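All remarks here apply to the structure that follows.
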Amino acid sequence: MEKSRRTASAAAAALVIGLGGGVASASATAQPATEPAAAVGTPSKRTELYFGTEKPTGGVVTPEDFENFVDKEITPAFPDGLTKFTATGQWKRGAEIVKETTYVVVLFYPLGNRKADGEIEEIRADYKKFFDQDSVARADDTQRVSF
C-alpha cells in the first residue's frame, strides 16, 4: 500500500512538472490578450426534478403512468418544453443497497419567475399524492441558456 502511494505521488509530481513546463513555454509564445467572447444566452433558472418509482405499498410507477403525469401535469405548466430521461438512483437501507428507477425532468425558465416556482412545487406535491411517494427531489441552478 505504501509503495503504491509513493508511486502515485511520484507520478503526480511528474505530471505537475510536465504541465508546468508546457505552461511556461506556452506563455512565452502567447499572443496579446484579445477581447473576451460575449456571453451567449439569457440568464435562466434550471430545475431538475427526480421522481422515484417504487411505491411503499408495492408496485411501481410505470413509464406509461409517468408519461401521462408529464402530459397532464408538467407540460401544461411548462409549454415551452422540457427534457426528460430515465436514471437509476440508489441508497442504503440498513445493510441493503436499494436501487430504484428514477424519472428526471429538466426545466429552464426565466430568473425571478415566481409562477414557475409555484408550478414546480405543485407538480412535486401532486406526484407525491398521486403515486404515494415520500419526496420528489429538486435541484436548482442558474445558467445562461440559448435556443
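In this text, residue positions in the sequence shown follow the working numbering: the first is 220, and each later residue adds one. C-beta atoms are modelled at their ideal positions from N, C-alpha and C, and glycine is treated no differently. Remember, it's a predicted structure, so these values are computed and weren't measured experimentally.
When DSSP states are grouped into helix, strand and coil, G277 belongs to the coil group. Per the C-alpha coordinates, the member of D359, V323 and K274 positioned closest to K347 is K274. Rounded to the nearest angstrom, the Cβ distance from F304 to V323 is 5 Å, consistent with a contact under 8 Å. Secondary structure note for K264: it is in no alpha helix (DSSP H), and the uninterrupted beta strand (DSSP E) holding it is T261 to G271. In this structure, Y269 sits near G308, with a CB-CB distance shorter than 8 Å. Here A356 carries a strand assignment [DSSP, helix/strand/coil]. Judged by DSSP secondary structure, E254 falls outside any beta strand (DSSP E); it is assigned neither H nor E. F327 is bridged by DSSP to R265. The residues V355, in chain order, have a CB closer than 6 Å to that of R343 in the same chain once the five nearest residues on each side in sequence are set aside. Assigned with DSSP and collapsed to three states, F304 falls in strand. A check of alpha carbon separations from T266 across T302, D345 and T321 identifies T302 as the nearest.
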